[in-house]
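Engineer: Residue numbers (this note's numbering), protein chains in the order written: chain A, 26 to 321; chain B, 16 to 255; chain C, 82 to 394.
The beta carbon of each residue, even a glycine, is placed where N, CA and C say it ideally should be.
Nothing here was measured: the structure is a model prediction, and the numbers come from that model.
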Amino acid sequence: MIDFINLYLIPALMLGSIYALGAVGISMIFGILRFAHFAHGDVMSIGAYGVLTAVWLIPLHPLLLLPFGIALAVLAALAADHFFYRPLRKLPTIYTVIASFGVALIFRSLMQIFWSSDNQVYVEGVTRPLVLFGTFRISALHAEAIAFTLAIAVCLQVFLSRSRTGRSMRAMSDEAELAAVAGLDTEKIIRWTWIIGASLAATAGVFAGMDTTIHPNLGWNLLLPMFAAAILGGIGKPMGAMAGGVIIGLAEEISTFNWIGDDSLVSPSYKTAVGFVIMVVLLIFRPQGLFRGRLL
Amino acid sequence: MSVLLSVRGLTAGYDRVPVIENIDLDVATHSVAVIIGPNGAGKSTLLKSVFSLTRISAGRIMFEGDDITGHPTSQLVPRGISAVPQSRNVFPTLTVAENLDIGTYAAPPKDRRAVEERILALFPDLRAKLKQPAGELSGGQRQMVAIGRALMSEPKLLLLDEPTAGLSPAYLERIFDLILDVRKSGVTILMVEQNAKQALRIADHGHVLVNGKNAISGSGPELLANDEVRRSFLGGGDGP
Amino acid sequence: MEWTGLLFYGVSFLIAGGIYAILCLALNIQWGLGGLFNAGIAGFFAVGAYTSAIFTTQVSDKHLGGFGLPVPVGLLAAAVLAGATGWVVAKICIRLKSDYLAMASIGIAEILRLVIVNESWLTNGSLGISQVPRPFDGLVQGRAADLVFLAYVWVVVAIVYVICERLNGSPWGRTLRAIRDNAQSAEAAGKDVNWFRLQTFVIGAAFMGVAGGLSAHYFKFLAPSATEPLLVTFLVWVMLMAGGSGNNRGAVAGGLGIWAIWSLTEIFTNRLPPEWISRSSYIRMLLIGLLLQFVLQRFRQGLIPEKSPPGKY
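Structure follows, in structure tokens:
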């Protein structure tokens with residue numbers, strides 16, 4: 026049981042935090058701009074590289090340099106929207122989906138050009154885990170990431186329910202045309218959607234980079250489980266997406282635990298497919314997600 | 016009589032096909048103007064054109080003497096025009112209070128609390144539902160939320176697209192009463208209505224639109240008495 | 082010597098170009114006729130490649146089979162299996178908005194990639210399948226064999242093209258265009274919209290499988306890297322968009338045209354200073370990404386526009 030918590034449950038919560046932070050942006054973009062943003066994983070990677078560059082220049086703890094990663098990711102997302110998505114706004118959204126594929130490729134090749142395609146790490150060396158009550162072992166990174174994600178969830182909830190921009194975002198996600206009729210500045214709402222989505226994605230990217238290594242495919246490889254999380258949580262429901270992320274993370278890690286006999290239930294090499302399978306099952310039986318989100 | 020909104024020679028539609036052609040219309044300050052006509056006559060298109068939601072190919076729209084043709088929708092609310100679309104006119108996952116709040120974002124009223132109090136006095140049903148998501152309300156209550164939201168910016172002109180569509184007869188009467196109350200508070204109203212008879216009863220002025228063109232206009236009682244209007248829209252002979 | 086070198090460069094260009102032309106025609110059925118967004122072309126391509134390879138290679142203890150069957154049988158099996166995969170994907174999400182189909186197709190492609198890498202008994206994992214035969218292997222040797230294979234590929238292109246043209250002009254094709262341009266009125270006219278869309282997805286997937294099979298026979302060797310999603314899925318989308326979706330000639334022209342640009346950039350990037358050489362492939366990808374954006378914004382009808390302007394999907 027202790028093994029299960031230390032080796033599966035805590036890493037699962039870590040993975041779930043990464044998915045949760047990434048899925049929030051996907052869900053909000055889905056809700057407000059009505060398209061699946063296939064470059065979201067690459068926005069994550071850009072955030073991770075932003076912090077990597079900052080670590081080279083200022084030798085501090087990567088999490089303290091997070092603002093650099095966020096700034097770079099926000100800039101990239103706003104630029105992509107301005108140059109590649111906005112000109113297609115009046116067309117059927119599928120064209121924007123195709124454009125986001127292109128943006129994913131553009132981002133990835135830029136990362137490969139500037140930072141090479143090697144695996145890189147923020148800080149060399151291994152950190153010793155914290156030991157709680159003599160038995161629970163949790164690495165400092167996992168503790169930080171999980172606490173950070175919880176704090177972000179609370180802030181996001183307050184922002185969405187209390188602030189004007191947050192309410193406007195929810196309104197536009199509900200009824201985009203009515204939001205325009207009510208005189209809301211829809212372009213400003215869209216800008217905020219990108220800013221928040223990219224900030225959280227960058228944070229997730231830095232966590233993922235700290236947990237493993239940083240490479241140009243870092244975010245792209247996480248895209249499908251994040252989509253699964255966004256659908257699970259119900260499209261256009263940011264808090265649902267966060268819950269969905271945690272659930273997908275748990276499902277992926279826990280499915281590789283040796284529940285029956287000595288073998289893991291799902292071979293670890295297929296771990297990344299678990300999220301996708303959950304997504305497929307959802308698409309068949311409950312495409313509106315667990316929390317009754319909208320169906321695109 | 017001063018004219019608040021005046022439409023001249025308006026031709027508009029979607030894509031390249033015009034739905035309304037060469038429309039002229041005046042709405043007097045502090046009046047209720049009603050547009051009636053058969054399905055597909057372009058009534059909603061006319062209303063949406065005032066709100067820059069269509070493609071306008073000719074003509075002008077003047078508000079308080081200024082040309083507002085094709086002005087971005089987000090600028091019209093601060094100018095004093097609010098609109099309530101026919102369907103999907105509330106934000107369903109937002110609470111009633113939040114829906115009303117959204118109405119103040121584009122044009123913050125001077126005394127927000129007073130405005131909200133006035134609106135809740137107009138729609139007392141909503142007071143108990145402020146914390147409920149608007150999507151859970153009945154059709155009539157939703158219509159009240161929608162009108163309330165539009166009134167939060169203290170507009171001079173309120174555009175209503177078929178406010179009674181799909182409502183039960185009991186609610187229908189209430190909505191018409193409410194519209195008169197709203198007018199009493201100093202708001203000019205331009206509305207599109209299917210229930211021509213009741214609408215003309217409360218209207219100061221009526222316009223009949225047929226096939227995208229002006230057919231007949233006149234005061235409410237005039238139109239109610241007009242033989243052609245009675246035959247076509249009022250369903251038989253019983254008088255006003 | 083220079084000239085024969087150039088000639089055979091041309092031959093290999095046209096073989097690959099022909100395979101891309103088939104992929105474009107296949108995608109054109111799904112997108113141009115059905116309005117369906119397939120983001121997992123690489124997956125169907127891989128199913129076809131491995132199916133045809135396993136069917137036609139000699140018995141080996143490294144992977145399933147081989148069954149030593151003739152190449153046309155292999156290609157046919159490739160079409161059937163890829164089509165079946167397409168059916169499963171489409172069945173799940175055809176009734177949902179196209180964004181979901183994009184996710185599901187890309188997910189299937191990813192899972193297939195995992196299967197190919199991990200299931201060594203089936204595919205020999207990352208070591209790949211070698212000695213995949215070519216048609217008429219015994220008859221010609223050396224470089225002449227490339228010429229024969231070139232002819233073989235373009236015969237297949239011609240067959241696929243003719244089928245696509247027939248489909249386009251048939252009542253089936255007209256129904257599909259009606260659905261694409263106005264799904265609601267087509268539905269009102271009693272057409273089972275989703276059933277028609279599903280058919281386009283399956284037919285397109287089958288042709289993608291054929292293209293995958295041909296590539297396996299061309300390279301005579303098949304490893305997971307051969308079905309790189311970037312090169313297969315992405316390039317094909319750019320090709321179809323640039324060539325003109327909804328139009329078969331446009332699809333073929335786009336396939337060859339973009340393949341020419343892609344090949345030429347290789348010549349160009351090979352002349353870059355050495356410190357940039359290692360990054361040249363990324364620069365090419367960047368250019369292709371930008372080209373797609375340009376086509377989407379400025380050049381949506383493509384080289385050869387469809388006769389009736391495409392409506393909203």
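Using three-state DSSP, classify residue 173(B) as helix, strand or coil.
Structural biologist: strand
Engineer: Checking contacts by CB at 7 Å: is residue 185(A) closer than that to chain C?
Structural biologist: no
Engineer: Under 8 Å by Cβ, that's how I've got residue 277(A) and residue 258(A) pegged, so tell me the actual separation to the nearest angstrom.
Structural biologist: Wrong, their Cβ atoms sit about 16 Å apart, outside the cutoff.
Engineer: Whose CA, out of 17(B), 203(B), 123(B), 68(B), lies closest to the CA of residue 88(B)?
Structural biologist: 68(B)
Engineer: Against chain C, with Cβ distances strictly below 7 Å, would residue 93(A) count as a contact?
Structural biologist: Judged by the 7 Å Cβ criterion, residue 93(A) is not in contact with chain C.
Engineer: Under 7 Å, do residue 367(C) and residue 71(A) count as touching if we go by C-beta distance?
Structural biologist: no
Engineer: Is the beta carbon of residue 163(C) sitting closer than 7 Å to the one on residue 286(C)?
Structural biologist: yes
Engineer: Using beta carbons (cut-off 7 Å, strictly below), is residue 349(C) in contact with chain A?
Structural biologist: It does not; no Cβ of chain A falls within 7 Å.
Engineer: Beta carbons nearer than 8 Å to chain A: which residues of the region 63–78 of chain B have them?
Structural biologist: Flagged, chain order: 66, 68.
Engineer: Can you tell me which of the three DSSP states residue 23(B) falls into?
Structural biologist: strand
Engineer: In three-state DSSP terms, what is residue 205(B)?
Structural biologist: If DSSP states are grouped into helix, strand and coil, residue 205(B) belongs with the strands.
Engineer: Listing by chain order, which chain A residues have their CB less than 7 Å from the CB of residue 179(C)?
Structural biologist: Within 7 Å Cβ-Cβ: 119.
Engineer: Assess contact between the region 114–127 of chain C and the region 293–310 of chain C, defined as three or more Cβ pairs (one per stretch) separated by less than 8 Å. Is contact present?
Structural biologist: yes
Engineer: Any C-beta of chain B sitting closer than 7 Å to the C-beta of residue 146(A)?
Structural biologist: no
Engineer: Which residues in the same chain as residue 89(A) place their Cβ atom closer than 8 Å to its Cβ, once the five residues preceding and following it in sequence are excluded?
Structural biologist: none
Engineer: Give every residue of the same chain whose Cβ lies closer than 8 Å to the Cβ of residue 124(B), excluding the five residues on either side of it in the sequence, and list them in chain order.
Structural biologist: 130, 167, 168, 169
Engineer: Residue 220(B) bridges to which residues according to DSSP?
Structural biologist: As computed with DSSP, residue 220(B) is found in a beta bridge with 48(B), 234(B).
Engineer: Any C-beta of chain B within less than 8 Å: which residues of the region 104–128 of chain A qualify?
Structural biologist: none
Engineer: Give a yes or no on whether the minimum CB-CB distance between residue 48(A) and chain C is below 7 Å.
Structural biologist: no
Engineer: Where in the region 47–113 of chain B do unbroken runs of the beta strand (DSSP E), each at least 3 residues long, occur, reported from the N-terminal end onward?
Structural biologist: 47–51, 70–78, 96–99
Engineer: Could you say which of 275(A), 294(A), 46(A) lies nearest to residue 255(A) if we only look at CA atoms?
Structural biologist: 46(A)
Engineer: For residue 272(C), does the three-state DSSP call read helix, strand or coil?
Structural biologist: coil
Engineer: Quick check: what's the CA-CA separation for residue 393(C) versus residue 75(A)?
Structural biologist: For residue 393(C), the predicted model reports a pLDDT of 38, less than 50, meaning its position is unreliable and no value from the coordinates is stated.
Engineer: Helix, strand or coil, according to DSSP, for residue 114(A) in the structure here?
Structural biologist: coil
Engineer: From the DSSP output, which residues share a beta bridge with residue 33(B)?
Structural biologist: DSSP, once it has assigned bridges, lists 28(B) as partnering residue 33(B).
Engineer: Counting only the same chain and skipping the five closest in sequence on each side, list residues whose C-beta sits under 7 Å from that of residue 150(C).
Structural biologist: 136, 137
Engineer: What first and last residue would you give for the beta strand (DSSP E) that runs through residue 162(A)?
Structural biologist: 161–163
Engineer: Among 169(C), 108(C), 209(C), which has the Cα closest to the Cα of residue 308(A)?
Structural biologist: 169(C)
Engineer: Take residue 66(A) and list the residues in its own chain whose beta-carbon comes closer than 6 Å to its own, dropping the five residues that flank it on each side.
Structural biologist: 244, 245, 247, 248
Engineer: Cβ of residue 167(A) within 7 Å of Cβ of residue 39(A)?
Structural biologist: yes
Engineer: Report the residue ranges of all beta strand (DSSP E) runs contained in full by the region 143–191 of chain B; include only those spanning at least 3 residues, in chain order.
Structural biologist: 172–176
Engineer: Please compile the residues from chain C whose C-beta is within a distance smaller than 7 Å of the C-beta of residue 276(A).
Structural biologist: Correct list: empty, because the minimum Cβ distance to chain C is about 15 Å.
Engineer: In the DSSP assignment, the alpha helix (DSSP H) including residue 296(A) goes from what residue to what residue?
Structural biologist: 296–310
Engineer: Could you work out which residues of chain A lie near residue 122(B), taking near to mean beta carbons separated by less than 7 Å?
Structural biologist: 208
Engineer: Which of helix, strand or coil does DSSP assign to residue 385(C)?
Structural biologist: coil
Engineer: Run through chain A and tell me which residues come within less than 9 Å of residue 195(C), C-beta to C-beta.
Structural biologist: 294, 295, 297, 298
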